[in-house]
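Using the working numbering, the first residue of the sequence shown is number 226, and each one after it goes up by one. Cβ atoms here follow ideal geometry from the backbone N, Cα and C, with glycine treated the same way. Every value quoted in this text rests on a predicted model; they were computed, and no experiment measured them. Below: one structure, written as structure tokens.
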Amino acid sequence: MPIRNMILTGLFAALLAVGSQVSIPLGPVPHTLQVFFVMLAGVILGSRWAVASVAVWILLGCFGLPVFAQGKAGVAVLAGPTGGFLVGFMVCAYLVGLMTERAQLTVWRAVGAMLAGLVTAYVLGLVGFMASFKYFLHKPMTWDKAISLAVLPFIPFDVIKSVMAAYIGVKVRRALLRAGYIN
């Protein structure tokens, strides 16, 4: 394991922790910068190390550090309304990394990879959101209501963050590749 990759993995876990604290509450799922840093990690680190950075962030939160949105921490967060989104972020980071590390990297390909990753995160997050309400809060809801609460308010912001992450990520990845800091 190259030390540079481990350092970048820790850096992105820290960026996720900081980005989680930039929070605008919009219902049960807050609006944060998490999506931006998950996408950025995927483009810059590649699939394996991006998943590692998201996993480190989740583990830090599970061990009690207040790294999740609104300063939340603990394993119980995984069973709450946002737990599915946390798992979705890991899959999203992997997909974005996989789709961008194998192709000739352009901003538009990165945007496409990020939108595919975003859909995956939304699907997994929505399933976790509904399961949390049904099994833990004992307040089942319809798909329509869950989508209107946990997905629709976030689509415009997350698409903008994805495009920004694609642009920045492609530029940073190219610079790191030229400098020999990543493979």
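Query raised in the report: Taking buried to mean at least 16 other C-beta atoms within 10 Å of its own C-beta, is Pro-255 buried or exposed?
Result: buried
Query raised in the report: Where DSSP assigns a beta bridge to His-256, which residues make up the other side?
Result: Ile-249
Requested in this report: Keeping to the same chain, check which residues put their C-beta closer than 8 angstroms to that of Glu-326; ignore five residues upstream and five downstream.
Outcome: Gly-271, Ser-272
Query raised in the report: Can you check whether the CB of Ser-278 is closer than 8 angstroms to the CB of Ala-266?
Result: yes
Query raised in the report: Span of the alpha helix (DSSP H) holding Ser-410?
Result: In the structure as shown, the chain starts at 226 and stops at 408, and residue 410 therefore has no counterpart that could be examined.
Query raised in the report: If you check the beta carbons only, do Gly-289 and Val-352 fall under 8 angstroms apart?
Result: no
Query raised in the report: Looking at Gln-259 and the ligand COA, is the gap between the Cβ and the nearest heavy atom below 7 angstroms?
Result: With respect to the ligand COA, the structure offers nothing, as it holds no ligand at all.
Query raised in the report: What separation, rounded to the nearest whole angstrom, lies between the Cα atoms of Phe-237 and Phe-379?
Result: One C-alpha to the other measures close to 22 angstroms.
**Report entry** With 16 other Cβ atoms within 10 Å as the buried cut-off, status of Phe-361
**Finding:** exposed
Query - Nearest candidate by alpha-carbon position, reference Ala-341, set Cys-317, Leu-330, Ala-294, Lys-364 - result: Cys-317
Requested in this report: Report yes if the CB atom of Leu-401 is closer than 8 angstroms to the CB atom of Ile-269, and no otherwise.
Outcome: yes
**Report entry** Residue interval of the alpha helix (DSSP H) (run including Leu-343)
**Finding:** 332–356
Requested in this report: With DSSP collapsed to three states, give me the class of Ile-407.
Outcome: coil
Report task. Starting from the Cα of Val-397, find the closest Cα among Met-264, Gln-246, Leu-285, Gln-259 and give me that residue. Result -> When each option's Cα is compared against that of Val-397, the closest is Met-264.
Query raised in the report: Considering only the beta carbon of each residue, do Tyr-319 and Ala-275 sit closer than 8 angstroms?
Result: yes
Query raised in the report: Is Thr-234 buried or exposed, if buried means 16 or more other CB atoms sit within 10 Å of its CB?
Result: buried
Query raised in the report: From this set, Gly-286, Leu-374, Trp-282, Met-315, which residue's C-alpha is nearest Thr-345's C-alpha?
Result: Checked all of Gly-286, Leu-374, Trp-282, Met-315; the closest Cα to Thr-345 is Met-315.
Report task. Within 10 angstroms of the Cβ of Lys-386, are there 16 or more other Cβ atoms? Answer buried if so, exposed if not. Result -> buried
**Report entry** Own chain residues within Cβ distance below 6 angstroms of Val-260, not counting five before or after
**Finding:** Excluding the 5 residues flanking it on each side, Val-260 has same chain C-beta neighbours closer than 6 angstroms at Asp-383, Lys-386, in chain order.
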